[in-house]
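Sequences listed follow chains A and B, in order. Here our numbering is used: the first residue of the first sequence is 14, the next is one more, and so on. Here our numbering is used: the first residue of the second sequence is 6, the next is one more, and so on. Note that beta-carbon positions come from the ideal geometry of N, C-alpha and C, so glycine has one too.
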Amino acid sequence: MGKSSSRGRTPSLEAVAGNGLVNRRALLGRGIALAGALGVSGATGAAAEPLEDAPWSHAFGEVTPPLQTPSRFEKNVVRALSNPNGEFRTAHARTPHQLLNGTITPNPLHFSINHGGIPDIDPAQHKLVIHGMVKQPLEFTLETLSRYPLATRPHFVECAGNSAGMFSSEPIQAPAGLLHGLVSNAEWTGVPLSVLLDEATIDPNAKWLVAEGGDAQFLDRSIPVKKAYDDAIVAIYQNGERLMPGNGYPMRLLVAGYQGNMNVKFLRRLKAVDQPAYTYFESKNYSQILPGGKTWRFHFLMEVKSFITSPSFGQHLKEPGFYAISGVAYSGAGRIAKVMVSADGGKSWGEAALQGAVHDKAFTRFVMPWRWDGQPAVLQSRAWDEAGNVQPLRAEFVAARGQTKAPVKSPLAFPNQHYNSLTSWGVDRKGEVAHVYA
Amino acid sequence: MSTLEMFGRKTLAATLLAVTLGAVAAPAQSPPQSPSTASPHLGRPISEADIKNWDIAVLPNGVGLPAGQGTPQEGATIFAEKCSACHGEAARGGVAPFYPALVGGPPLTDGIETRKTIANYYAYPTTIFDYIRRAMPYPAPRSLSDHEVYALTAYILSLNKLIGENDTMDAQSLPKVKMPNRDNFIMPYPDRI
Chain A
14 MGKSSSRGRT PSLEAVAGNG LVNRRALLGR GIALAGALGV SGATGAAAEP LEDAPWSHAF
74 GEVTPPLQTP SRFEKNVVRA LSNPNGEFRT AHARTPHQLL NGTITPNPLH FSINHGGIPD
134 IDPAQHKLVI HGMVKQPLEF TLETLSRYPL ATRPHFVECA GNSAGMFSSE PIQAPAGLLH
194 GLVSNAEWTG VPLSVLLDEA TIDPNAKWLV AEGGDAQFLD RSIPVKKAYD DAIVAIYQNG
254 ERLMPGNGYP MRLLVAGYQG NMNVKFLRRL KAVDQPAYTY FESKNYSQIL PGGKTWRFHF
314 LMEVKSFITS PSFGQHLKEP GFYAISGVAY SGAGRIAKVM VSADGGKSWG EAALQGAVHD
374 KAFTRFVMPW RWDGQPAVLQ SRAWDEAGNV QPLRAEFVAA RGQTKAPVKS PLAFPNQHYN
434 SLTSWGVDRK GEVAHVYA
Chain B
6 MSTLEMFGRK TLAATLLAVT LGAVAAPAQS PPQSPSTASP HLGRPISEAD IKNWDIAVLP
66 NGVGLPAGQG TPQEGATIFA EKCSACHGEA ARGGVAPFYP ALVGGPPLTD GIETRKTIAN
126 YYAYPTTIFD YIRRAMPYPA PRSLSDHEVY ALTAYILSLN KLIGENDTMD AQSLPKVKMP
186 NRDNFIMPYP DRI
């Protein structure tokens, strides 16, 4: 890792890479001293106004409601919609990552894709059946599943088409939530599927489960029994409350780290079979064309990936000085092992701090201290997972997976699937952040 | 069965589950649990006959295809009435940007963003039958009879010149139709199956 170009302005703190990246250990326990050393506090020296109480402190406040909603000042923190008028086609709602932090996506902001609208399911009427190559077909209800000992785990769910706009031959100018908003991370609680399959006594020759939802497409996918016994659950809680309707209420399949579409929502049926069904979604949408015309099928895995959420497109750095570069990293193959960050378009890299516990197949928040000197910078992140997989550089990725012939205009388009290369944010001298390729 | 045997056969998780649930799953006076009762067993037994109306999955080898049959000519009439409003006359698309043509398709060598179609992409003809039956028409899924689904499948295959104009599609003939792209797929993670 290069330690180039500290430009002589970083005081006592160790630069770990070019263009102002500071050793992540600077984040540990130094607080204000760090900010001072980085040349932020008292930088302006403007005269302060004498403090007065604010008017809201001098009156009895609002009613405390049964179900609280965000402050009226947070009205812009909403999902971006692809089909706001409910036309007879797929609807997508994308998580606004550029406005969030931490690792858990709040339920109202969890991404959602619905190919046949959101069914209005009465949980007392909903049934899940397990049948096919089993000794005893079984029928479950939400009430009976709720009596099982439940597993609780944080996991990301990512649409295979997330970040599809990154296949564009030129960078689409759009915020992180439009480019990467089809991934979210929640704490899921449910019954391990292995327990239910054992109770039905699945035939050893059954290699696949056809999982089917109760939506207006009866959306179905073929799931390897191997995955069912590895870590699949029938999820009935999302971040501690019942599932959101758009996320599969009252129950969904959770196959952590696999294509979002395989996490079948509104789950009503699991049929054990000896071969995959080649359903519509695994035959067409969630299968990819490779350069040269060969195609992938049963890709399953959402591979290691990261992107910076702040600073990111659309944000404005008001002045040179200290900023925390922050983003999320995740891998369908396991835990995040390491995230490297560059501020000079990949010429030099420094290792970011990983916040909090690092969970299997879940968002990990990374942070990198940065002193912006007011000059152009290109911010990138690159993740490694515990299985040794590394997020490919864009040149490597494009060589293997290709890009579009013409620039893609809409961030809502899906020119291909399974993009997991880098995202680059270019900061100009005015502090404006654009999407660039580097 | 002895306790030792029971622990030997179960995973640690299942054993913990059995211990946790002992009081719930069986009255105190019950004999020691065997592995088959260690799990909560709250599912209600149901017969395949009672699942039949839900069991619409179709496999590429034809398992799950229902009785019935249809021809391209019959399908053309049904298509004009129930499908062309979105998919266009003779399935040529173009009614709205969201509803695809069901006929033709460029070669997959045209680029990674090439439009995937029945003719240039699908691996098995059973997928067409299955998706029409479970999801079409978009505003009224499951409103078509199996006969109508066979006829529409035959019509679309015929438009794409994958079967003859007079070929009848049924549970025997449909799985035998070979799709042009069937052998062009690679499985990236075969060890995950």
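Residue-level contact to chain B via CB, residue i, 9 angstroms cutoff
i: Asn402 of chain A; result: no
i: Ala213 of chain A; result: yes
i: Glu183 of chain A; result: no
i: Pro263 of chain A; result: no
i: Arg281 of chain A; result: yes
i: Asn276 of chain A; result: no
i: Gly253 of chain A; result: no
i: Thr157 of chain A; result: yes
i: Val317 of chain A; result: no
i: His144 of chain A; result: yes
Buried/exposed call for residue i, threshold 16 Cβ in 10 Å
i: Leu64 of chain A; result: exposed
i: Phe103 of chain B; result: exposed
i: Pro382 of chain A; result: buried
i: His329 of chain A; result: exposed
i: Lys88 of chain A; result: exposed
i: His431 of chain A; result: buried
i: Asn4 of chain B; result: Lying outside 6 to 198, the shown extent of chain B, residue 4 of chain B is not represented and no answer is given.
i: Val147 of chain A; result: buried
i: Pro144 of chain B; result: exposed
i: Arg442 of chain A; result: exposed
Within-9 angstroms CB hit, residue i to chain A
i: Phe84 of chain B; result: no
i: Pro180 of chain B; result: no
i: Tyr136 of chain B; result: yes
i: Ala31 of chain B; result: At Ala31 of chain B the pLDDT is 41, less than 50, meaning the model places this residue with poor confidence and gives no usable figure here.
i: Gly116 of chain B; result: yes
i: Pro37 of chain B; result: Low confidence applies here, because Pro37 of chain B scores a pLDDT of 46, under 50, leaving its location unreliable; read the following figure in that light. No, because no Cβ of chain A sits closer than 9 angstroms to the Cβ of Pro37 of chain B.
i: Val154 of chain B; result: no
i: His46 of chain B; result: yes
i: Val108 of chain B; result: no
DSSP beta-bridge partners of residue i
i: Asp398 of chain A; result: A:Ile349
i: Ile126 of chain A; result: A:His105
i: Arg378 of chain A; result: A:Val341
i: Asp175 of chain B; result: B:Gln74
i: Glu171 of chain A; result: A:Val196
i: Arg166 of chain A; result: A:Trp201
i: Ala5 of chain B; result: No statement about residue 5 of chain B is possible, as the shown extent of chain B runs from 6 to 198 and does not include it.
i: Ser355 of chain A; result: A:Gln393
i: Lys284 of chain A; result: A:His144, A:Val223
i: Ala447 of chain A; result: A:Gly439
i: Ile246 of chain A; result: A:Pro205, A:Leu267
i: Arg255 of chain A; result: A:Tyr250
Close-in-space but distant-in-sequence residues of the same chain around residue i (CB under 6 angstroms, 5 per side omitted)
i: Leu267 of chain A; result: Trp201, Ile246, Ala248, Asn276
i: Gly261 of chain A; result: Lys278, Phe279
i: His448 of chain A; result: Pro184, Gln186, Phe326
i: Phe153 of chain A; result: Leu141
i: Gly99 of chain A; result: none
i: Gly439 of chain A; result: Val391, Ala447, Val449
i: Met264 of chain A; result: Val247, Ile249, Leu280
i: His372 of chain A; result: Pro167
Residue interval of the alpha helix (DSSP H) (run including residue i)
i: Gln416 of chain A; result: Taken as a continuous stretch (DSSP letters only), Gln416 of chain A belongs to no alpha helix (DSSP H), as it is neither H nor E.
i: Gly190 of chain A; result: 189-193
i: Gln78 of chain B; result: 77-87
i: Leu157 of chain B; result: 151-164
i: Tyr293 of chain A; result: 293-296
i: Ala229 of chain A; result: Unbroken run through Ala229 of chain A: none, as it is neither H nor E.
i: Phe134 of chain B; result: 131-140
i: Ile56 of chain B; result: 53-56
Delimiting residues of the beta strand (DSSP E) encompassing residue i
i: Ser319 of chain A; result: 318-323
i: Asp233 of chain A; result: 233-237
i: Ser361 of chain A; result: No beta strand (DSSP E) holds Ser361 of chain A; DSSP gives it neither H nor E.
i: Ala30 of chain A; result: 28-30
i: Phe153 of chain A; result: 151-153
Beta-carbon proximity list for residue i, same chain, < 7 angstroms, skipping 5 on both sides
i: Asp175 of chain B; result: Gly73, Gln74, Tyr155
i: Gly115 of chain A; result: Arg378
i: Ala46 of chain A; result: Since pLDDT at Ala46 of chain A reaches only 45, below the 50 mark, its modelled position is unreliable, and no value is offered.
i: Ser159 of chain A; result: Ile249
i: Lys284 of chain A; result: His144, Gly145, Leu222, Val223
i: Ser95 of chain A; result: Ala104, His105, Leu425
i: Ile134 of chain A; result: Gly227, Tyr262, Pro263, Phe279
Chain C contact for residue i (CB, 9 angstroms cutoff)
i: Ile302 of chain A; result: Here the protein chains are A and B, and chain C is not one of them.
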